[in-house]
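Quick note: the sequence shown uses our numbering, first residue 778, plus one each step.
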Amino acid sequence: IVLTLIVLLISPASSNLVINTKLEGILIIVLVSFWCFNVSIITDESNQLAVNENGVVSFGNLYYFSWAALVCSVMLLTSYLKSAWNIDIADQITNRSSRLSLWSMLLVTSLVSISSSASIYD
Numbered sequence: 778i779v780l781t782l783i784v785l786l787i788s789p790a791s792s793n794l795v796i797n798t799k800l801e802g803i804l805i806i807v808l809v810s811f812w813c814f815n816v817s818i819i820t821d822e823s824n825q826l827a828v829n830e831n832g833v834v835s836f837g838n839l840y841y842f843s844w845a846a847l848v849c850s851v852m853l854l855t856s857y858l859k860s861a862w863n864i865d866i867a868d869q870i871t872n873r874s875s876r877l878s879l880w881s882m883l884l885v886t887s888l889v890s891i892s893s894s895a896s897i898y899d
């Protein structure tokens, strides 16, 4: 999902299909929900994914990048809510580039979390 949106946001013509649409809002809400769920599972010491039974972080990449992805998705949500309700042409021009960097950060943190968790059961 994130990679597809980044590809769409790179081009000015296709970014108009995504920026400030209901589709983007729904996807952001889904991602915030997903990362809230993920962080609660990953940081739960009974699951022993990133935190051991003593509450000590045992797998730093998974722990910290999951939190970073949650923070990034919340920042995307606040950026979307600000620009969806206030119409300002000059702000929209700068928002496109800042939102692209937020989507890119979310992609990177998600990829690090996924690749880090792949080696848990090896």
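Idealized CB from N, CA, C, for every residue including glycine. Please read all numbers here as calculations on a predicted model, not as lab measurements.
| Query | Result |
| --- | --- |
| Nonlocal neighbours in the same chain, by C-beta distance under 6 Å from PHE842, ignoring five residues either side | THR886, VAL889, SER890 |
| Stretch pair the region 792-808 + the region 849-864: three plus CB contacts closer than 8 Å | yes |
| Residues near ILE787 by beta carbon distance below 8 Å, same chain, minus five either side | LEU877 |
| Straight-line Cα distance separating ASN815 from VAL828 | 13 Å |
| Coil, strand or helix - LEU782 by DSSP | helix |
| Limits of the alpha helix (DSSP H) - the one that LEU808 falls within | 799-819 |
| N-terminal and C-terminal residue of the alpha helix (DSSP H) that ALA827 is part of | No alpha helix (DSSP H) contains ALA827, which DSSP labels as neither H nor E. |
| ILE796, buried or exposed, once every other Cβ within 10 Å from all chains shown has been counted against 16 | buried |
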